[in-house]
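Peer 1:
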Amino acid sequence: MSYDGGGNKRVALVGKGITFDTGGISLKPGAKMEDMISDMAGSAAQLAAVVAAAKLKLPVRIDAWLPLAENMPSGSATRPGDVITHYDGTTSEILNTDAEGRLVLADAIARACEDTGDGTPDYLIEAATLTGAQLVALGNRTAGVMGSDEFRDTVAEIGREVGEPAWAMPLLEEHEEEIKSPVADIRNVHNARTGGMSFAGLYLSRFVPEDVEWVHLDVAGPAWNGGSAYGYTPKRATGAPARTIIETLTRIADGQL
Numbered sequence: 134m135s136y137d138g139g140g141n142k143r144v145a146l147v148g149k150g151i152t153f154d155t156g157g158i159s160l161k162p163g164a165k166m167e168d169m170i171s172d173m174a175g176s177a178a179q180l181a182a183v184v185a186a187a188k189l190k191l192p193v194r195i196d197a198w199l200p201l202a203e204n205m206p207s208g209s210a211t212r213p214g215d216v217i218t219h220y221d222g223t224t225s226e227i228l229n230t231d232a233e234g235r236l237v238l239a240d241a242i243a244r245a246c247e248d249t250g251d252g253t254p255d256y257l258i259e260a261a262t263l264t265g266a267q268l269v270a271l272g273n274r275t276a277g278v279m280g281s282d283e284f285r286d287t288v289a290e291i292g293r294e295v296g297e298p299a300w301a302m303p304l305l306e307e308h309e310e311e312i313k314s315p316v317a318d319i320r321n322v323h324n325a326r327t328g329g330m331s332f333a334g335l336y337l338s339r340f341v342p343e344d345v346e347w348v349h350l351d352v353a354g355p356a357w358n359g360g361s362a363y364g365y366t367p368k369r370a371t372g373a374p375a376r377t378i379i380e381t382l383t384r385i386a387d388g389q390l
């Protein structure tokens with residue numbers, strides 16, 4: 134979906150839209166699996182951001198890409214050991230089918246950043262309930278933010294200013310070796326208990342052109358409140374990180390970024 138408010142900045146929005154995530158053949162535990170209806174929160178936030186930009190009449194051009202899918206086991210489901218080819222031709226070895234979000238995001242990012250004659254976007258803002266490792270590192274309420282260093286830090290600060298706690302996280306150098314596959318260009322997990330959030334961010338970075346300022350918001354915890362309401366945050370779906378994205382779009386439109 135698109136919004137053209139004019140202006141000289143183009144922004145691509147990408148949001149993970151897994152409408153229900155069982156983990157696929159790499160099946161999740163049954164406890165709390167019902168909460169996986171929230172795995173489309175990234176797409177929902179991006180949709181909200183486009184609607185808000187239109188209502189605010191922001192002078193910016195926005196293209197939003199919302200890859201929607203369901204991750205279920207079946208006779209035709211992706212299997213551990215399969216090799217897939219992404220939209221841009223990159224091949225990926227699938228070691229865990231429960232790391233599916235980065236696969237649909239990679240295709241959407243590659244498509245969103247494609248030069249179709251009007252150049253690549255100036256900014257890419259991507260949001261996803263991507264990793265359980267985000268909750269381990271930062272808890273239920275604080276998003277992990279990765280991407281271009283300066284833009285990443287700015288977006289994390291914006292999140293804190295608008296009441297959606299966020300913290301800048303690094304893309305780790307050691308993962309450059311761990312992402313390599315003997316049968317494909319890259320692999321979708323590194324089969325370690327450490328650094329899972331950053332590894333997922335590195336995977337996505339492989340699909341972003343060098344000239345695009347980009348940010349990845351991992352909101353696996355903040356997008357879903359399984360406890361009681363607090364502050365303005367309701368129980369269940371919270372809407373995060375819509376406020377952060379909308380404020381970032383506003384500052385881009387105003388020339389502050």
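Position one of the sequence shown corresponds to residue 134 (the numbering used here), numbered consecutively onward. For each residue, glycine too, the CB sits at the ideal point set by N, CA and C. All figures in this text were calculated on a predicted structure; none of them were measured in a lab.
1) Check for me: the beta strand (DSSP E) holding L304 runs from which residue to which?
2) Measuring CB to CB, does T223 end up less than 8 Å from D318?
3) Spatial neighbours of A187 within its chain, please: CB distance less than 6 Å, with the 5 preceding and 5 following residues excluded, ordered by chain position.
4) Can A239 and G148 be called in contact, C-beta distance under 8 Å?
5) Could you check the C-alpha separation between G334 and D251 for me, to the nearest Å?
6) Leaving out the 5 sequence neighbours to the left and right, which residues in its chain are closer than 6 Å to A373 when beta-carbon positions are compared?
7) In the DSSP assignment, the beta strand (DSSP E) including D351 goes from what residue to what residue?
8) So what's L390 in DSSP terms, helix, strand or just coil?
9) Based on the DSSP secondary-structure assignment, which residues constitute the bridge partners of E203?
10) If you draw a straight line from the C-alpha of K161 to the C-alpha of T230, how long is it?
11) I need the straight-line Cα distance from L268 to A182, nearest angstrom please.
12) Strictly by DSSP, which residues pair up with G148?
Peer 2: By the coordinates alone:
1) Unbroken run through L304: none, as it is neither H nor E.
2) yes
3) Taking C-beta separations shorter than 6 Å and ignoring five residues to either side along the sequence, the partners of A187 in its chain run Y136, following chain order.
4) no
5) 27 Å
6) E297, V352, P355, A356
7) 346-351
8) coil
9) F153
10) Taking the straight line joining both Cα atoms gives about 10 Å.
11) 24 Å
12) A260
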